[in-house]
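The block underneath contains the structure these notes are about, expressed in structure tokens.
Protein chains: 2
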Amino acid sequence: MRSDARSNADRILAVAREVVAADGANASLRDIARKAGVGLGTLYRHFPSRDALLEALLRETFDALKVHADELQAAEPADTALRLWLRDFVRDAHTYRDVSALMIAAIEDESSALHDSCVAMRAAGAALLTNAQAAGAAKPDMDGTDLFALVGALSWLGDQPGMAERTEHLFEIVAGSILIPQARSDQGGATT
Amino acid sequence: MRSDARSNADRILAVAREVVAADGANASLRDIARKAGVGLGTLYRHFPSRDALLEALLRETFDALKVHADELQAAEPADTALRLWLRDFVRDAHTYRDVSALMIAAIEDESSALHDSCVAMRAAGAALLTNAQAAGAAKPDMDGTDLFALVGALSWLGDQPGMAERTEHLFEIVAGSILIPQARSDQGGATT
DNA sequence: ACCTGAACACCGTTCAAGT
DNA sequence: ACCTGAACACCGTTCAAGT
């Protein structure tokens, strides 16, 4: 019966969402299986690795971030688009505690279930960065991976005790190291 | 016999240095005790917590960093002093993998064995920062904890797979968000 | 097909028992 | 005083056995 399996997978995912929200990305898988009322092997059958489970939890977030990148690129001047997207990224990346380390690791590890999503995130950010650089609004000596590293580090900081309330401020500081202040005229269009 | 105890503590420390160098700050304490040829309880007797053991490993490094801060403050212009010290800090903080998370956590946790050292580090950095700010060489909207957070995050990045070779570059980017470029005349002395 | 849970090889931490 | 190692309560991962 395939419907059993599906309902199990759904229940595991629902429970995982709560447990990971509470305990972070390194939450006990045993605990999740237990609370989902399912054998440990069943969890492993549906999600063969921790990354696979997290990927399932994060997929919506990732998709939304990619869509948002496209929207911003179309609607905003290059520097605003980049800045706004980075804010979102940092916020979303620590929806669950300790997820940024996994994301940064996943970008190097092609076998990780998170790999594709992270590469896609990097590409989305890189596109916004390239745009901003072309407009002279972002430092030229930086690539998508640098950007990913910086926002990853920022989101990691947000997970550390005592740092959460400083992330806004730290974001501004780091953003200041990426973006070049623009004297902007009324109409936002940049010349090529 | 107190000499037994001392020699045990020394051996534990020597082994811990190797194991932590290999496995990072979360190395297995059991493994350390085993390799030191000592019962697990003996390790706990001498080092009642992981932080206590790491503090012992890092004490020399910390002391050297503090001394170096004073030297730089006396010998270099404020911006150079800050920049050079930050470089050292980032380098030393990832002598052992994953130590930066513990350092940042320790600054909030007064009961941690690493607390005092970390507060002292922050104070040393804060003094250099204040100096640089007074000379107009560092952004004014930043305090010692922000500085600690940024270099902590940078050193964390250095521990992540694939990021090690970018740390130099990322350091320059972040340093650029802290320091204000100076038009410097021949003599380096800043006026009070 | 799908699920279960015991089995294995690990942890950190504590503490009775030994010298 | 100091040390030891078993005991306890946990992990992640695998896989034979069940339905």
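These protein sequence lines are chains S and Z, in that order.
Here our numbering is used: the first residue of the first sequence is 1, the next is one more, and so on.
Here our numbering is used: the first residue of the second sequence is 1, the next is one more, and so on.
For glycine and all other residues, C-beta sits at the position ideal for the given N, C-alpha and C.
If you draw a straight line from the alpha carbon of residue i to that of residue j, how long is it in whole angstroms?
i, j, result
"S/Asp23", "Z/Phe62", "32 Å"
"S/Ala113", "S/Ala135", "35 Å"
"Z/Glu71", "Z/His46", "34 Å"
"S/Leu102", "Z/Ala5", "41 Å"
"S/Gly176", "S/Val20", "32 Å"
"Z/Asp98", "S/Ala105", "14 Å"
"Z/Ala183", "S/Leu157", "33 Å"
"S/Lys139", "S/Asp146", "11 Å"
"S/Ile178", "S/Glu165", "22 Å"
"S/Arg17", "Z/Asp159", "28 Å"
"S/Pro77", "Z/Ala93", "39 Å"
"S/His169", "Z/Leu170", "19 Å"
"Z/Ala75", "S/Ile173", "28 Å"
"Z/Ala56", "Z/Arg34", "19 Å"
"Z/Leu13", "S/Ser3", "56 Å"
"Z/Asp109", "S/Gln73", "43 Å"
"S/Asn8", "S/Ala52", "16 Å"
"Z/Thr191", "S/Ile180", "Any answer about Z/Thr191 is weak, because its pLDDT of 48 lies below 50 and its placement is not dependable; what the coordinates show is given next. Cα to Cα, the separation comes out at about 30 Å."
"Z/Ile279", "Z/Ser100", "Any answer about residue 279 of chain Z is impossible in this case: the structure gives chain Z only from 1 up to 192."
"Z/His115", "S/Pro161", "13 Å"
"S/Asp141", "S/Ala69", "22 Å"
"S/Val15", "Z/Val38", "42 Å"
"Z/Ser111", "S/Pro48", "39 Å"
Quick one, which of the options has its alpha-carbon nearest residue i's?
i, options, result
"S/Ile107", "S/Ala5, S/Gly144 and S/Ala138", "S/Gly144"
"S/Leu86", "S/Ala126, S/Gln182 and S/Val99", "S/Ala126"
"S/Gly88", "S/Val119, S/Val151, S/Leu179 and S/Ser3", "For clarity, residue 88 of chain S is Asp in the given sequence; the question names Gly instead. Nearest C-alpha to S/Asp88: S/Val151."
"Z/Ala81", "Z/Glu110, Z/Pro48 and Z/Leu129", "Z/Leu129"
"S/Arg59", "S/Thr95, S/Ile32, S/Val38 and S/Gln73", "S/Thr95"
"S/Arg83", "S/Ala137, S/Asp116 and S/Arg34", "S/Ala137"
"Z/Val67", "Z/Ile180, Z/Ala153, Z/Ser117 and Z/Ile32", "Z/Ser117"
Are residue i and residue j touching if we call contact CB-CB under 8 Å?
i, j, result
"S/Leu40", "S/Arg50", "no"
"S/Ala25", "S/Leu65", "no"
"Z/Val90", "Z/Thr167", "yes"
"Z/Ala132", "Z/Asp79", "yes"
"S/Met121", "Z/Ala149", "no"
"S/Ala153", "Z/Leu154", "yes"
Below 8 Å on the Cβ atoms is my contact criterion, and I expect residue i with residue j to pass it. Report the Cβ-Cβ distance as a whole number of Å.
i, j, result
"Z/Arg11", "Z/Ala36", "5 Å"
| query | Taking Cβ-Cβ distances below 8 Å as the criterion, which residues of the region 148-170 of chain S are in contact with chain Z? | reply | Answer set for the region 148-170 of chain S: Ala149, Leu150, Gly152, Ala153, Leu154, Trp156, Leu157, Gln160, Pro161, Gly162, Met163, Arg166, His169 and Leu170.
Exercise for review: Could you list the residues in the region 87-104 of chain S with a C-beta less than 8 Å from some C-beta on chain Z, going in chain order?
Suggested key: Of all residues in the region 87-104 of chain S, the ones placed with a Cβ closer than 8 Å to any Cβ belonging to chain Z are Ala101 and Ile104, in chain order.
* Positions along the region 126-150 of chain S whose CB lies within less than 8 Å of some CB in chain Z -> Lys139, Asp141, Met142, Thr145, Asp146, Ala149 and Leu150
Short-range partners of chain Z found in the region 27-54 of chain S, where Cβ spacing is below 7 Å = Those residues of the region 27-54 of chain S that come within reach of chain Z (Cβ to Cβ, closer than 7 Å) do not exist; the list is empty.
By the 9 Å beta-carbon criterion, what residues does the region 107-120 of chain Z contribute toward chain S? Ile107, Glu108 and Asp109
Notebook entry, point to check: In the region 6-17 of chain S, which residues sit with their C-beta less than 7 Å from some C-beta in chain Z, listed in chain order?
Noted result: Of all residues in the region 6-17 of chain S, none has a C-beta nearer than 7 Å to a C-beta of chain Z.
- Contacting positions in the region 172-184 of chain Z - beta carbon closer than 7 Å to chain S: Ile173, Val174, Gly176 and Ser177
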